[in-house]
Structures are given as structure tokens and as C-alpha cells.
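Before any comments, here is the structure.
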Amino acid sequence: MIIDKKKIKNPYLLAYLKTFNIKDGEEIKNYDFMFWIDKKHTEYRNIHNMPEHIALNNEQVKDFCIFIGL
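Quick note on numbering: the sequence shown equals residues -8 to 61 in this note's numbering.
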């Protein structure tokens, strides 16, 4: 995927780009982002003793966004 931040609305993807200092025009592999965000979800759930099978509520999503660097 070629990055164009103006077209990206996914906050998790934007956090990934920020974390790895990826600029517009650079190419990323989708699976690298998928592995990273999955790992971050697991880390977050482990810190908060949350099971894998539940969805995050709105407050948890906000907290997760802070956790991943937004």
C-alpha cells in the first residue's frame, strides 16, 4: 500500500505510520500493520486483564488509542 495520509481515516493505521515515521509516498505491507496492531491489542488486553473475545467499549477505544501513541 502506498501511503497518502490525506485519504487515511483509520486511527490505528495513522498511529502505526506515526510510530514508524512513515511518510506519504512510502510503501508499507498491509500484513506488517496487521501484525503490529494485533500485538498492540494483545498487550493492551494483558495489561488490563481483558479476555481476547470481547470488543472494546468507547472509553477503552479512547484509552487504546492513547496506548498506541495517538
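All C-beta atoms, glycine included, are put in the ideal place defined by N, C-alpha and C.
1. Buried or exposed for I59, going by 16 or more other Cβ atoms inside 10 Å?
2. Kindly identify the DSSP beta-bridge partner or partners of E17.
3. Could you give the DSSP three-state label for I38: helix, strand or coil?
4. Helix, strand or coil for I28 per DSSP?
5. First and last residue of the alpha helix (DSSP H) that includes L61?
6. To the nearest angstrom, how far is it from the Cα of A46 to the Cα of F11?
Per the coordinate set shown:
1. Start at 1 with the first residue of the sequence shown, and residue 59 comes out as number 68. A residue is called buried when at least 16 other Cβ atoms come within 10 angstroms of its Cβ; I59 meets this threshold and is buried.
2. Position 26 of the sequence shown, counted from the start, is the residue given in the question as residue 17. Note: E17 sits in no beta bridge, so no partner.
3. Working through the sequence shown from its first residue, we reach residue 38 at position 47. Three-state DSSP puts I38 in a helix.
4. One-based indexing of the sequence shown puts residue 28 at position 37. If DSSP states are grouped into helix, strand and coil, I28 belongs with the helices.
5. In the sequence shown, counting from the first residue as 1, residue 61 sits at position 70. Segment: none, L61 is in no alpha helix (DSSP H) and carries neither H nor E.
6. The residue given as residue 46 occupies position 55 in the sequence shown. The residue given as residue 11 occupies position 20 in the sequence shown. Straight-line Cα distance between these residues: approximately 26 Å.
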